[in-house]
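Trainee:
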Amino acid sequence: MSVTAGGESRPARSQDPCQAREVLGIVGDKWSLLIVRNLSQGPRRFTELKRAVDGISQRMLTVTLRGLERDGILTRTVRNVMPPHVSYELTPMGRTLRDATAPLLEWSITHLTHIDAARAVYDARPDTPPT
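Using full-length UniProt numbering, read the sequence shown as starting at 1 and increasing by one per residue.
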């Protein structure tokens, strides 16, 4: 049950599966997961994240950080010094995302050589269409 602004009780709205799909699309992309992983040791500045997340462009890092901030996964803190000091840190909800995705990231790292080998075998087959 949920309570309206007027204090009335009504049944809680069921979760729309499309909403879950939207959130998974946002937090399930490779850049978001790598950023969350890099923030697991504490707050980081933009330039630290840029160096730590191999292959991410400045624009993609900016877009991804804004999306994660909007979704409540991280906070952005600006300190008024010269030059301005901006840092990013996981929220409590962001830490739960990190805990949930850490096994997936570890699995990826552990199995990367096996995946590369399987791709090479697949790509070498004569009946394989070009990728």
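Note that the Cβ used here is the ideal one computed from N, Cα and C, for glycine as well.
All values derive from a computational prediction rather than experimental measurement.
In terms of DSSP beta bridges, what is residue 88 paired with?
Mentor: BP columns for residue 88 point to 44 and 76.
Trainee: Taking 8 Å as the cut-off, does the stretch 109-122 touch the stretch 53-70 (at least 3 CB pairs, one atom from each stretch)?
Mentor: No: fewer than three Cβ pairs fall under 8 Å.
Trainee: For the alpha helix (DSSP H) that residue 60 lies in, which residues bound it at each end?
Mentor: Looking at the DSSP string, the run of the alpha helix (DSSP H) that includes residue 60 is 58-70.
Trainee: Would you mind stating whether residue 79 and residue 36 have Cβ atoms separated by less than 8 Å?
Mentor: Their beta carbons are not under 8 Å apart, which means residue 79 does not touch residue 36 by this criterion.
Trainee: Using the beta-carbon count (16 or more within 10 Å), is residue 73 buried or exposed?
Mentor: It counts as buried.
Trainee: Per DSSP, what kind of secondary structure is residue 129 in: helix, strand or coil?
Mentor: If DSSP states are grouped into helix, strand and coil, residue 129 belongs with coil.
Trainee: Residue 20 to residue 91, Cα distance in whole Å?
Mentor: Those two C-alpha atoms are separated by around 20 Å.
Trainee: Between which two residues does the alpha helix (DSSP H) carrying residue 39 extend?
Mentor: Counting along the chain, residue 39 falls outside any alpha helix (DSSP H), and DSSP gives it neither H nor E.
Trainee: Specify the secondary structure class of residue 27 as computed by DSSP and reduced to three states.
Mentor: Helix, per DSSP.
Trainee: Determine the contact status of residue 45 and residue 81, defining contact as a CB-CB distance below 8 Å.
Mentor: No, these two residues do not count as a Cβ contact at 8 Å.
Trainee: Can you give me the C-alpha to C-alpha distance between residue 25 and residue 18, rounded to a whole angstrom?
Mentor: If I take the Cα positions, the gap works out to 10 Å.
Trainee: What distance in whole Å lies between the Cβ atoms of residue 88 and residue 39, which are believed to be in contact at a cut-off of 8 Å?
Mentor: With a Cβ gap of about 6 Å, residue 39 and residue 88 count as contacting.
Trainee: When the Cα atoms are used, what is the spatial distance from residue 129 to residue 123?
Mentor: Going from the Cα of residue 129 to the Cα of residue 123 covers about 8 Å.
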